[in-house]
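Q: The structure under discussion is supplied below as structure tokens; questions concerning it will follow.
Protein chains: 6
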Amino acid sequence: MPLITVQLFEGCSAEQKREYAKALTDASVRVLGIDPGAVDVIFSDVKRSDWATGGVLWSDKPKG
Amino acid sequence: MPLITVQLFEGCSAEQKREYAKALTDASVRVLGIDPGAVDVIFSDVKRSDWATGGVLWSDKPKG
Amino acid sequence: MPLITVQLFEGCSAEQKREYAKALTDASVRVLGIDPGAVDVIFSDVKRSDWATGGVLWSDKPKG
Amino acid sequence: MPLITVQLFEGCSAEQKREYAKALTDASVRVLGIDPGAVDVIFSDVKRSDWATGGVLWSDKPKG
Amino acid sequence: MPLITVQLFEGCSAEQKREYAKALTDASVRVLGIDPGAVDVIFSDVKRSDWATGGVLWSDKPKG
Amino acid sequence: MPLITVQLFEGCSAEQKREYAKALTDASVRVLGIDPGAVDVIFSDVKRSDWATGGVLWSDKPKG
Numbered sequence: 001m002p003l004i005t006v007q008l009f010e011g012c013s014a015e016q017k018r019e020y021a022k023a024l025t026d027a028s029v030r031v032l033g034i035d036p037g038a039v040d041v042i043f044s045d046v047k048r049s050d051w052a053t054g055g056v057l058w059s060d061k062p063k064g
Numbered sequence: 001m002p003l004i005t006v007q008l009f010e011g012c013s014a015e016q017k018r019e020y021a022k023a024l025t026d027a028s029v030r031v032l033g034i035d036p037g038a039v040d041v042i043f044s045d046v047k048r049s050d051w052a053t054g055g056v057l058w059s060d061k062p063k064g
Numbered sequence: 001m002p003l004i005t006v007q008l009f010e011g012c013s014a015e016q017k018r019e020y021a022k023a024l025t026d027a028s029v030r031v032l033g034i035d036p037g038a039v040d041v042i043f044s045d046v047k048r049s050d051w052a053t054g055g056v057l058w059s060d061k062p063k064g
Numbered sequence: 001m002p003l004i005t006v007q008l009f010e011g012c013s014a015e016q017k018r019e020y021a022k023a024l025t026d027a028s029v030r031v032l033g034i035d036p037g038a039v040d041v042i043f044s045d046v047k048r049s050d051w052a053t054g055g056v057l058w059s060d061k062p063k064g
Numbered sequence: 001m002p003l004i005t006v007q008l009f010e011g012c013s014a015e016q017k018r019e020y021a022k023a024l025t026d027a028s029v030r031v032l033g034i035d036p037g038a039v040d041v042i043f044s045d046v047k048r049s050d051w052a053t054g055g056v057l058w059s060d061k062p063k064g
Numbered sequence: 001m002p003l004i005t006v007q008l009f010e011g012c013s014a015e016q017k018r019e020y021a022k023a024l025t026d027a028s029v030r031v032l033g034i035d036p037g038a039v040d041v042i043f044s045d046v047k048r049s050d051w052a053t054g055g056v057l058w059s060d061k062p063k064g
């Protein structure tokens with residue numbers, strides 16, 4: 001406890017996930033006053049062809 | 001808001017997901033009276049060897 | 001299959017959920033060509049004080 | 001994107017969640033280089049009587 | 001690891017959840033050959049008015 | 001109902017999942033007194049590079 005699940009577009013590097021897991025854990029420790037070992041982070045990559053906003057898949061949207 | 005997560009057997013075509021995301025979003029707009037842009041849909045493909053009903057994996061069931 | 005999970009702000013009436021479950025199921029049947037009995041919909045109410053966008057809880061945002 | 005879901009024991013104050021949502025969002029912005037508005041955080045309170053580790057509900061564990 | 005999430009109709013007694021968490025953990029230990037302390041179980045109660053099968057909320061279905 | 005989601009490290013054999021699904025379903029039937037057909041189990045494989053405990057990805061931890 002806590003368990004943090006992160007759904008994000010695929011494409012994050014291993015290094016980014018390493019840093020991201022650390023940053024989310026640090027934030028949890030700081031705000032909740034808990035031990036880092038109590039924090040689990042699970043990343044779940046989502047393809048742009050599996051995520052829609054406004055009824056349109058991100059794989060179909062023009063890149064900004 | 002809302003966030004709609006759909007767990008379904010893998011094998012759906014890109015065209016089906018495109019149409020499905022649109023249909024789920026339209027339903028949300030119609031019932032909740034919200035803006036389409038407020039609706040997120042995330043598809044999560046599940047293998048038949050990762051889903052069991054009645055204690056039996058779907059990959060082990062005879063196809064009807 | 002499929003399993004549809006809908007996270008939405010609390011405050012939806014029973015009648016809206018009834019209609020919404022029906023609409024999401026109908027959309028699934030139409031797009032996937034499956035039997036309605038194969039579709040599960042689970043609603044999960046989220047308080048505005050439990051959902052943040054842009055780092056700000058919705059309970060803290062001025063109502064538009 | 002990303003969508004961050006946090007399952008945590010109930011008992012967090014509104015002020016802690018406010019600060020926590022901000023901290024998780026800031027971490028996301030810093031690591032992923034995205035706009036804060038792209039980050040959603042959803043908190044899901046879990047009762048100690050609904051979470052077990054090692055087969056024992058936390059409500060049954062002696063408090064350390 | 002593993003993390004087991006159980007969505008079930010509300011109405012389970014505390015004693016049933018206690019026994020259920022133990023049984024799911026025992027099953028995990030037996031099949032995966034892991035330590036019981038590695039197993040987390042989270043129960044999530046769902047109201048019958050929040051779960052639909054076949055487009056009909058369970059709160060609207062005649063009890064069998 | 002119930003719906004059991006199991007997040008576990010990838011690497012489980014098909015035979016282990018077959019046995020695990022059966023064991024989780026049996027436990028549910030025994031404790032809840034329900035029909036096996038009412039139990040769904042969904043496995044979700046997680047890479048060690050997608051799961052962190054204590055801020056460290058499992059792919060970065062020395063194997064015990």
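Protein chains in written order, with this note's numbering: chain A, 1 to 64; chain B, 1 to 64; chain C, 1 to 64; chain D, 1 to 64; chain E, 1 to 64; chain F, 1 to 64. Glycine included, each C-beta is placed from N, C-alpha and C at the ideal position. Since we're looking at a predicted model, the values are computed, not measured.
Check the C-beta distance from Thr53 (chain E) over to Val39 (chain E) and give it rounded, since I have them as a contact under 8 Å.
A: Here residue 53 (chain E) is taken as the residue at index 53 of the fifth sequence, counted from 1. Here residue 39 (chain E) is taken as the residue at index 39 of the fifth sequence, counted from 1. So it is not a contact: roughly 29 Å between Cβ atoms.
Q: Should the stretch 54-62 of chain B be called in touch with the stretch 14-32 of chain E, which here means at least 3 C-beta pairs below 8 Å?
A: With the cut-off at 8 Å, the stretch 54-62 of chain B and the stretch 14-32 of chain E do not touch.
Q: Would Leu8 (chain E) and Met1 (chain F) qualify as a contact pair, given that the criterion is a beta-carbon distance under 7 Å?
A: By one-based count along the fifth sequence, residue 8 (chain E) stands at place 8. By one-based count along the sixth sequence, residue 1 (chain F) stands at place 1. Contact: yes.
Q: For Ser44 (chain C), name the three-state secondary structure that DSSP assigns.
A: As a position in the third sequence, residue 44 (chain C) is number 44, starting the count at 1. If DSSP states are grouped into helix, strand and coil, Ser44 (chain C) belongs with the strands.
Q: Is the beta carbon of Ser49 (chain B) sitting closer than 7 Å to the one on Ala14 (chain F)?
A: Residue 49 (chain B) sits at position 49 when you count from the first residue of the second sequence. Residue 14 (chain F) sits at position 14 when you count from the first residue of the sixth sequence. Yes, Cβ-Cβ distance for Ser49 (chain B) and Ala14 (chain F) is below 7 Å.
Q: Any residues in the stretch 37-51 of chain B with a beta carbon nearer than 9 Å to a beta carbon of chain G? Which ones, in chain order?
A: In the displayed structure, chain G is absent; the protein chains listed are A, B, C, D, E and F.
Q: For Pro36 (chain B), I'd like the list of residues in its chain whose CB is within less than 6 Å of its CB, leaving aside the five on either flank, ordered along the chain.
A: As a first step, residue 36 (chain B) must be located in the second sequence, where it is residue number 36. Same-chain partners within the cutoff: Thr25 and Val29.
Q: Quick check: what's the CA-CA separation for Gly55 (chain D) versus Ile34 (chain B)?
A: Here residue 55 (chain D) is taken as the residue at index 55 of the fourth sequence, counted from 1. Here residue 34 (chain B) is taken as the residue at index 34 of the second sequence, counted from 1. If you take the alpha carbons of Gly55 (chain D) and Ile34 (chain B), they lie about 43 Å apart.
Q: Would DSSP call Val69 (chain C) helix, strand or coil?
A: Since the first residue of chain C shown is 1 and the last is 64, residue 69 (chain C) is not available in this structure.
Q: From Lys47 (chain A) to Val46 (chain C), what distance separates their C-alpha atoms?
A: Position 47 of the first sequence, counting from 1, holds the residue named residue 47 (chain A). Position 46 of the third sequence, counting from 1, holds the residue named residue 46 (chain C). Straight-line Cα distance between these residues: approximately 25 Å.
Q: Less than 7 Å between the C-beta atoms of Val31 (chain E) and Glu19 (chain F), yes or no?
A: Position 31 of the fifth sequence, counted from the start, is the residue given in the question as residue 31 (chain E). Position 19 of the sixth sequence, counted from the start, is the residue given in the question as residue 19 (chain F). Yes; because the gap between Cβ atoms is below 7 Å, this pair is in contact.
Q: Which partner residues of Thr5 (chain D) appear in the DSSP bridge assignment?
A: The sequence position of residue 5 (chain D) within the fourth sequence is 5, counting from 1. Paired residue(s): A:Thr5 and D:Ile42.
Q: Since Leu3 (chain D) meets chain A, which of its residues come closer than 7 Å, beta carbon to beta carbon?
A: Numbered from its first residue, the fourth sequence carries residue 3 (chain D) at position 3. Within 7 Å Cβ-Cβ: Gln7.
Q: Say whether chain B places a C-beta atom closer than 7 Å to the C-beta of Ala27 (chain F).
A: Indexing the sixth sequence from 1 puts residue 27 (chain F) at position 27. Chain B, which has no Cβ nearer than 7 Å to the Cβ of Ala27 (chain F), makes this no.
Q: Val41 (chain C): which of E:Ser44, E:Phe43, E:Ile42 and E:Trp51 sits nearest, CA to CA?
A: On the third sequence, position 41 is the one that residue 41 (chain C) refers to. Minimum Cα distance to Val41 (chain C) is reached at E:Trp51.
Q: Please confirm whether Gly67 (chain D) has its beta-carbon closer than 7 Å to some beta-carbon of chain E.
A: Nothing can be reported for residue 67 (chain D), as the shown portion of chain D is limited to 1 through 64.
Q: What are the start and end residues of the beta strand (DSSP E) that includes Trp58 (chain B)?
A: On the second sequence, position 58 is the one that residue 58 (chain B) refers to. Unbroken run through Trp58 (chain B): none, as it is neither H nor E.
Q: Which same chain residues, not among the five before or five after Lys17 (chain D), have their C-beta less than 7 Å away from its C-beta?
A: Counting from one through the fourth sequence, the residue named residue 17 (chain D) turns up at place 17. Excluding sequence neighbours, Lys17 (chain D) sits near Phe43.
Q: Indicate whether at least one CB of chain F lies closer than 7 Å to the CB of Glu19 (chain E).
A: Here residue 19 (chain E) is taken as the residue at index 19 of the fifth sequence, counted from 1. Chain F contact via Cβ: present.
Q: Name, please, each residue of chain C whose Cβ falls closer than 9 Å to the Cβ of Gly54 (chain E).
A: Here residue 54 (chain E) corresponds to residue number 54 of the fifth sequence, with the count starting at 1. Within chain C, the residues near Gly54 (chain E) are Thr25, Asp35, Pro36, Gly37, Ala38, Val39 and Asp40.
Q: Kindly list, in the order they appear in chain E, the residues whose Cβ is closer than 8 Å to that of Leu32 (chain F).
A: Counting from 1 along the sixth sequence, the entry for residue 32 (chain F) is found at position 32. Those are Leu8, Cys12, Gln16 and Tyr20, listed as they occur along chain E.
Q: CA-CA distance, Glu10 (chain A) and Cys12 (chain B)?
A: For the purposes of this step, residue 10 (chain A) is taken as residue 10 along the first sequence, with counting starting at 1. For the purposes of this step, residue 12 (chain B) is taken as residue 12 along the second sequence, with counting starting at 1. Cα to Cα, Glu10 (chain A) sits roughly 19 Å from Cys12 (chain B).
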